[in-house]
Structures are given as structure tokens and as C-alpha cells.
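Q: One structure, pasted below without further comment.
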Amino acid sequence: MSDQDKEGQGGLVFACVLDGHGGARDVDWAGIAAWKPEQGILWVHLDVEKDDSRAWITGESDMGELIAEAITADETRPRSVAMKDGLLMILRGITHVPGPEPNEMVSLRMWMNSARVITARRWRLSAVDEVHAALQKNTGPRTSAEFLVTIAEYMADSVNPAIDELEDTIDVVENYIPEAKDSELSNELAGVRRQAIQMRRHMGPLRDAFSHLLAERAIWIGETERGLLREVRDQLSRHIEDLDAARERAQIAQDQLDSRSRHQSQRAMYILALVTAMFLPLSFIAGLLGMNVGGIPGGNSVFGFVGALAVMAGVIGFQFWLFRRLRLIP
75 MSDQDKEGQG GLVFACVLDG HGGARDVDWA GIAAWKPEQG ILWVHLDVEK
125 DDSRAWITGE SDMGELIAEA ITADETRPRS VAMKDGLLMI LRGITHVPGP
175 EPNEMVSLRM WMNSARVITA RRWRLSAVDE VHAALQKNTG PRTSAEFLVT
225 IAEYMADSVN PAIDELEDTI DVVENYIPEA KDSELSNELA GVRRQAIQMR
275 RHMGPLRDAF SHLLAERAIW IGETERGLLR EVRDQLSRHI EDLDAARERA
325 QIAQDQLDSR SRHQSQRAMY ILALVTAMFL PLSFIAGLLG MNVGGIPGGN
375 SVFGFVGALA VMAGVIGFQF WLFRRLRLIP
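Residue numbers (the working numbering): 75 to 404.
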């Protein structure tokens with residue numbers, strides 16, 4: 075039965091008992107209630123939006139009130155906390171199944187110890203599906219520590235396609251800057267920067283969560299698993315560097331677009347100024363020759379036209395002096 079089919083049965087997406095050899099057998103609510111540690115590691119995967127899963131987490135999971143509140147919280151932030159005999163981890167990754175917006179990082183809430191793993195989510199996660207499918211093929215994790223490493227690797231790898239998509243978009247924009255319209259490219263760059271910022275906002279705390287996890291001394295996490303978790307942390311650091319680089323490249327491309335737009339505007343204003351300069355003397359001459367001095371003081375004098383020219387010259391001289399005084403012209 076697929077995960078999508080099981081989701082229709084309530085908050086229990088699936089549950090299985092690991093056999094310690096890479097395989098697992100599925101169980102239901104009754105099997106969860108009857109489970110004993112000697113049977114193998116129990117993995118319970120829940121839809122935290124459903125009432126029956128919330129009731130089980132808060133009432134029957136025996137994980138404690140603080141942990142239950144963290145698992146069922148509406149808003150989560152990546153973190154790692156060692157509590158009681160186990161480990162609380164909130165991870166984020168990009169799912170590649172229908173549901174959330176593309177490239178949106180969704181959370182996976184986990185509580186685990188050496189004998190039991192409880193995971194909860196709101197949106198279906200492809201990383202969880204991959205681990206469950208590996209268990210069904212007898213190629214999955216054998217211990218809780220291996221489960222943590224496996225799910226962490228899948229969650230970190232899920233970000234790669236999104237970062238590659240951002241970088242490809244920037245490559246296309248950089249190639250078409252001389253040709254495409256500014257508005258089209260600006261929208262593309264704004265989308266890249268927005269996605270990079272959103273992903274970066276979660277990737278930083280996610281890397282810090284793994285750094286904090288490596289500082290914890292959980293006895294059920296061996297040195298081999300710690301080494302692999304360091305690789306995951308380093309991979310997350312590279313993702314953060316790639317996101318920062320993508321955001322900076324997008325900003326540089328936007329600066330190039332703005333510079334080209336300013337250059338085009340300046341060229342248009344220069345052409346307009348040339349046209350104005352060409353027609354301004356013609357307009358002045360036409361207005362001057364068509365001027366009617368009749369009725370004005372000195373209109374009957376032979377020196378009336380000359381007087382009008384003198385007045386206009388005085389006005390121009392006063393304006394020139396005033397502009398120099400105000401430092402509007404050099």
C-alpha cells in the first residue's frame with residue numbers, strides 16, 4: 075500500500091519495525107501499541123495535521139510534554155536538542171512530490187533514541203519516501219543512528235536541484251542581458267533573489283542544528299555516523315555558499331540591467347536635448363519677428379523694437395546672474 079493510500083486512513087502515514095538488516099515490516103496502530111524494544115527499532119511516521127496522530131503524540135507516545143509540543147507546533151525552526159534519553163531534531167528539506175510550492179522547504183519533526191524513531195510532518199516529504207522504499211527493498215538503515223544519517227543525507231541532497239535551477243536561471247539571464255527587455259529579466263532576477271533568501275533563511279539554522287548535534291554525546295550515535303553527519307553539515311555549508319553566490323550574482327545582473335536602463339534614459343534625454351536645442355533658436359526668431367509692440371510703452375517710437383530687445387537681454391542677463399549666484403550653472 076502506498077503512502078498516499080495510507081494517508082486516507084488517518085494520521086498514521088505508516089509505521090514499521092526495522093529488522094536490523096536493512097529491512098522492515100509494516101505495522102498498524104495495534105502493532106504500535108503491542109511493540110516491544112526487543113522486536114526491533116520502531117519507526118512511526120505521522121501526519122501532524124490529523125487529530126489521531128496529535129492525540130497519540132501527546133497521550134500515548136511517552137515522549138514528554140515539551141517534546142510533544144515541539145513535534146506538534148504550528149511553526150518550526152531547524153534545531154537539535156538532546157532531551158531525556160533521546161534526540162529532538164527539526165529538519166527542513168525540499169520535497170519533490172505534489173503539495174507545497176516548488177522549492178519551498180518543508181519541515182520534518184523527529185524524536186528518536188536507540189530503540190524508537192518518531193517522525194511527523196505536514197507536507198509529504200520525498201526524503202521520507204526514499205528511506206521507506208529502501209527499507210522495503212532491504213537496503214535501508216539498520217539502527218537509529220544510521221536512520222538519522224540516511225534521512226539527513228536525503229534532506230541535504232533534496233536542495234541540490236533547487237540550487238541548480240537558481241544557477242541555471244541566472245546563467246540564462248546573464249546571457250540575455252544585452253537583448254531581452256529589462257522588465258522581463260528584472261522579474262526573473264527578483265524571483266531568484268527571493269527564493270535564495272527564503273532557502274538561506276532555513277539553511278543557516280539547519281547547519282547550526284547539525285553542528286549542535288555533533289556536540290551532543292548521544293551514546294547510540296557512533297563515530298562512523300558522526301563522521302557522516304559532519305559530511306552532511308559540510309554539504310549544508312556548501313549549499314549556503316552557493317545560495318549566497320546566487321543572490322550576489324543576481325544582484326550584479328540587476329545592477330547591470332539598471333546601468334543599461336540608465337544609459338538608455340540618458341541617451342534618450344540627450345537626443346531630446348539636441349532636438350530642443352535645434353528648434354529653440356527657430357522658435358525664438360519666429361517669436362521675435364512676430365512680436366507686436368503696438369500699445370506698449372514706446373510702441374510709437376522708432377526705438378521701441380530695440381528697447382524690447384534690450385529688456386529681453388536684461389532679463390536673460392539677470393537670470394544668468396541669478397543661476398550663477400544659486401550655483402545652478404558653473
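Positions of the beta carbon are idealized from the N, C-alpha and C atoms, including for glycine.
What you are looking at is a predicted structure, and each value in this text was computed from that prediction instead of being measured.
May I ask you to report which of helix, strand or coil DSSP gives Arg291?
A: Residue state, collapsed to three classes: coil.
Q: Check Phe397 in the structure and name its three-state DSSP category.
A: Three-state DSSP puts Phe397 in a helix.
Q: What does a CB cutoff of less than 6 angstroms around Leu116 pick up in its chain, not counting 5 residues either side in sequence?
A: Within the same chain, Leu116 has close Cβ partners Val91, Trp109, Arg190.
Q: Return the first residue and the last residue of the beta strand (DSSP E) that Trp185 is part of.
A: Residues 179-186.
Q: Starting from Arg128 and walking both ways along the alpha helix (DSSP H), at which residues does that stretch end?
A: Residues 125-133.
Q: Go to Ile192, then tell me how far its beta strand (DSSP E) extends in each direction, as first and last residue.
A: Taken as a continuous stretch (DSSP letters only), the beta strand (DSSP E) holding Ile192 covers 190-195.
Q: Pairing CB atoms from the stretch 279-290 with CB atoms from the stretch 146-161, are three or more of them under 8 angstroms?
A: Enough Cβ pairs lie closer than 8 angstroms, so yes.
Q: Identify, in the order they occur along the chain, each residue of the same chain with its Cβ nearer than 8 angstroms to the Cβ of Arg99, setting aside the five sequence neighbours on each side.
A: Excluding sequence neighbours, Arg99 sits near Cys90, Val91, Asp93.
Q: DSSP on Gly160, reduced to helix/strand/coil?
A: Of the three classes helix, strand and coil, the one that applies to Gly160 here is strand, per DSSP.
Q: Nearest by alpha-carbon distance to Gln328: which of Glu143, Ala236, His276, Asn249 is it?
A: Comparing Cα positions, the closest option is Asn249.
Q: Look at Ala201 and Gly160 and say whether their C-beta atoms are less than 7 angstroms apart.
A: Result no, Cβ atoms of Ala201 and Gly160 do not sit closer than 7 angstroms.
Q: Given this structure, state the Cα-to-Cα distance separating Glu322 from Arg274, to the nearest angstrom.
A: Straight-line Cα distance between these residues: approximately 13 angstroms.
Q: If you drop the 5 nearest sequence neighbours on each side, which residues of the same chain put their C-beta closer than 7 angstroms to that of Ala219?
A: Cβ within range, chain order: Trp294, Ile295, Gly296, Glu299.
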